[in-house]
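Asks:
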Amino acid sequence: MQILPLQAEKAIRAADMMKLSFSGFVNEMIRRLPVDENGAPMWPDETNDYEQEELPKAG
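Numbering (full-length UniProt numbering), first residue to last: 1 to 59.
This is the structure in structure tokens:
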């Protein structure tokens, strides 16, 4: 899965406003991501307007 252009622009602008690199911004977003006791993100299920691909497993 790739970051879509509009989302990339939004993230890059936000990173610039925070004086962070793109990866620094992503790290900060992940650090702040609320998750439940199973580690799942705590936002309601939403239908995306793009097809989701499974990411390769680490290791």
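We put the beta carbon where it would ideally sit given N, CA and C, even for glycine.
Take Pro-41 and list the residues in its own chain whose beta-carbon comes closer than 8 Å to its own, dropping the five residues that flank it on each side.
Replies: Once the five neighbours on either side are set aside, the close Cβ partners of Pro-41 are Leu-33, Pro-34 and Val-35.
Asks: Which residue comes first and which comes last in the alpha helix (DSSP H) that contains Gln-7?
Replies: Gln-7 -> alpha helix (DSSP H) spans 5-17.
Asks: In angstroms with no decimal places, state the Cα-to-Cα distance between Val-26 and Glu-37.
Replies: 22 Å
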